[in-house]
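Each remark here refers to the structure printed beneath this line.
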Amino acid sequence: MNPTLHAARLGVSRGWTEFKNALLNPQEIGFTIVTSIALVIVMYFQRDATLPGTSLSLAAVTLPSVLGMLTAFNALLGAVGSLAVEREDGTLLRAKALPQGMLGYLVGRIVSVSLTTVISVLIVLVAGLFLLPALTRTGPGGWLTMVWVILLGLLATLPLGAIIGSLANSPQTAAGLSMLAVGGLSAISGIFYPLSALAGWLQALAHVFPLYWLGLGMRSALSPASAAAAELGGSWHTLETVGVLGAWAVAGLLLAPPILRRMARREAGSLMQVRRDRALQRIG
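For the sequence shown, counting from 1, position 175 maps to 175 in the UniProt record's numbering; every step adds exactly one.
Structure below.
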């Protein structure tokens with residue numbers, strides 16, 4: 001069998017196993033559930049408010065952006081956090097010893113984090129269907145759009161998270177880098193307020209990164225056609241959404257494996273023991 005395909009198959013199997021184990025671990029799945037419920041509570045209090053100047057429910061406007069944000073944040077933070085931890089516990093060292101081991105590792109991480117992210121999105125979406133009955137009138141085209149936006153969004157952000165995680169030499173540094181990336185992207189993404197409120201150069205910068213397009217794609221899937229008038233250019237820019245998210249996905253999937261291999265070449269048992277000793281000192 002082709003070594004690359006074999007590694008990818010092992011990665012899928014590993015990712016599925018890790019996801020099932022996470023479902024049985026309250027600590028691992030608890031954060032996902034709690035954050036999802038917190039977002040549902042926010043929308044509950046917004047359900048009777050309307051967007052100023054329109055008849056659109058504020059919760060209906062918030063929901064698509066929240067789903068896009070959840071997709072990107074869970075993918076980025078999940079990839080960064082797990083990579084940092086698995087450098088210390090020896091997982092990466094073991095993967096390094098296998099043929100195409102880092103490719104298999106990356107595929108496994110994409111599968112497990114993607115499935116966890118889908119759980120989070122479903123919790124918020126199902127709650128949204130109860131809070132916002134108008135969502136039940138979303139046609140097949142809207143649901144199909146939501147599916148491909150989420151899939152492309154995960155492929156665009158998960159490898160990026162792996163790359164960010166490879167730059168950190170400790171879980172603390174990884175957490176700092178990931179929060180910096182997440183905070184910076186969310187500030188200019190138009191997730192929390194209209195992008196038109198930002199300066200022109202910040203709008204241009206936001207168009208480069210996937211988070212803006214994730215939010216836009218989700219709004220195009222779940223919002224009425226008339227809501228496009230509130231977007232830049234008065235359009236959902238579907239082709240541009242596919243192009244930008246697709247470009248990030250291709251670039252990430254091409255760049256992440258060699259970057260992870262380069263990082264893995266520097267890994268050794270002695271370095272792992274040093275990290276463990278430091279971690280024990282912090283705990284002690």
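The C-beta atom is built at its ideal place from N, Cα and C for all residues, glycine as well. Small disclaimer: the values here were computed from a predicted structure and weren't measured.
Boundaries cannot be given for W236, as no alpha helix (DSSP H) includes it and DSSP labels it neither H nor E. Around the beta carbon of V107, 16 or more other beta carbons lie within 10 angstroms, which makes this residue buried.
A check of alpha carbon separations from G128 across R47, A225, T157 identifies R47 as the nearest. If you draw a straight line from the Cα of T116 to the Cα of T32, it comes to about 8 Å. Assignment of S223 by DSSP, reduced to helix, strand and coil, places it in the coil class.
In the DSSP secondary-structure assignment, S57 is bridged to T50.
Note on geometry: alpha-carbon atoms of V182 and F73 lie some 7 Å from one another. At a Cβ-Cβ threshold of 8 Å, G153 and L253 do not count as neighbours. For a cut-off of 8 Å, the C-beta gap from L222 to S186 is around 20 Å, too long to register as a contact. W236 is positioned such that its CB atom lies closer than 8 Å to that of S220. Runs of the alpha helix (DSSP H) spanning 4 or more residues and lying entirely within the stretch 129-198 occur at 140-166, 171-187, in chain order.
Under the three-state reduction of DSSP, E18 is assigned to helix. With a 10 Å radius around the Cβ and a threshold of 16 neighbouring Cβ atoms, P159 comes out buried.
About 6 Å separates the CB atoms of L232 and S196; that is less than 8 Å, so the two are in contact. A Cβ-Cβ contact shorter than 8 Å links V111 with V12.
In the three-state reduction of the DSSP assignment, L24 falls in the coil class.
In the structure shown, P99 adopts coil according to DSSP, grouped into three states. Cβ contact annotation for I163 (same chain, cutoff 6 Å, sequence separation greater than five): A256, I259, in chain order. Distance from the CA atom of H207 to the CA atom of L67, rounded to whole angstroms, is 18 Å.
Under the DSSP assignment, L202 falls in the alpha helix (DSSP H) whose first and last residues are 200-206.
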